Amino acid sequence: MFQEINKTNHPPEYSIFIWDGDCKFCKWWKNRWEYRTKGKVIFRTYQEAGLEFPDIPIKEFQKASRLIDTNGNVYSGPDSAYKIQYYLGNPKWHLWYKRQKWFKVLSNNAYNHIAKNRSFYYKLTILLFGSDPVKPKIYWFYYLLFIILISITI
1435 MFQEINKTNH PPEYSIFIWD GDCKFCKWWK NRWEYRTKGK VIFRTYQEAG
1485 LEFPDIPIKE FQKASRLIDT NGNVYSGPDS AYKIQYYLGN PKWHLWYKRQ
1535 KWFKVLSNNA YNHIAKNRSF YYKLTILLFG SDPVKPKIYW FYYLLFIILI
1585 SITI
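To convert a position in the sequence shown, counted from 1, into my numbering, add 1434.
Next up, the structure:
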């Protein structure tokens, strides 16, 4: 389980999303968010940026992504992803995470499950959305439509 870290004494000049550069699943979603945020957030791997935040242990960067804003606030794990949505004009996920205990527990458990099974979830992401995070396809819709059509004809 990742440790929730609320603040760093080393705030960056720009909001920065720190992710695991060795993770294909992380890279796919990082590329998607980097494209969509259009420079509102800087994206760097913990391997290159982790030492810039000496009050956050490297082992914690290895366990979960972090979004660090210019005030030094740190958003960990699923909330780092929800904070990206906040920057995209969709604040509800981050607000639910902060206000609803059940949603926070559910999100943290789901995040930990995905973190432990990154290879599987990368393959699932490719299967459902394709290999291009900038122009994802809605393959999941076609799979669902196919299953519905098969079930109707049976």
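Glycine included, C-beta positions come from ideal geometry on N, C-alpha and C.
On a predicted model such as this, the values are computed, not experimentally measured, just so you know.
Ignore the nearest five residues each way along the sequence and tell me which others in residue i's own chain have a CB closer than 6 Å to its CB.
i, result
"Y1555", "F1459, I1548"
"Y1573", "L1562"
"K1464", "W1453, F1477"
"T1587", "none"
"P1567", "W1462, N1465, R1466"
Please state the DSSP three-state secondary structure of residue i.
i, result
"L1529", "helix"
"K1557", "helix"
"K1571", "coil"
"I1548", "helix"
"F1487", "coil"
"F1580", "helix"
"F1537", "helix"
"S1565", "coil"
For residue i, count the other beta carbons within 10 Å of its own beta carbon; 16 or more makes it buried, fewer makes it exposed. Which is it?
i, result
"V1475", "buried"
"D1456", "exposed"
"L1579", "exposed"
"N1542", "buried"
"G1523", "exposed"
"W1536", "exposed"
"A1498", "buried"
"F1575", "exposed"
"Y1469", "exposed"
"S1585", "exposed"
Using a Cβ-Cβ cutoff of less than 7 Å, which residues in the same chain neighbour residue i once the five nearest sequence positions on both sides are dropped?
i, result
"F1495", "I1452, Y1480, G1484"
"T1442", "F1487, D1489, I1490, I1502, G1506, V1508"
"H1528", "D1513, Y1516, K1517, Q1519, Y1520"
"K1571", "F1563, G1564"
Got a sec: does the ligand FMN put a non-hydrogen atom nearer than 7 Å to the Cβ of residue i?
i, result
"K1472", "The ligand FMN is not part of the structure shown, which contains no ligands of any sort."
Can you find the residues in the same chain that come closer than 8 Å, C-beta to C-beta, to residue i, ignoring five residues on each side of it along the sequence?
i, result
"S1449", "K1474, V1475, I1476, L1501, I1502, D1503, T1504, Y1521"
"N1440", "N1507, V1508"
"H1444", "E1486, F1487, P1488, D1489, G1506"
"T1559", "F1459, W1462, W1463"
Residue i bridges to which residues according to DSSP?
i, result
"K1441", "N1507"
Tell me, please, whether the CB atom of residue i is closer than 8 Å to any CB atom in chain C?
i, result
"I1502", "Note that chain C does not occur in the displayed structure, where there is just one protein chain."
**Prompt:** Mind pulling the alpha helix (DSSP H) runs of 4 or more residues that sit fully within the region 1444 to 1485?
**Reply:** 1458 to 1471, 1480 to 1483, all fully within the region 1444 to 1485.
**Asked** What are the complete alpha helix (DSSP H) segments, minimum 4 residues, inside the region 1492 to 1526?
**Response** Fully enclosed alpha helix (DSSP H) runs of 4 or longer: 1492 to 1497, 1512 to 1521.
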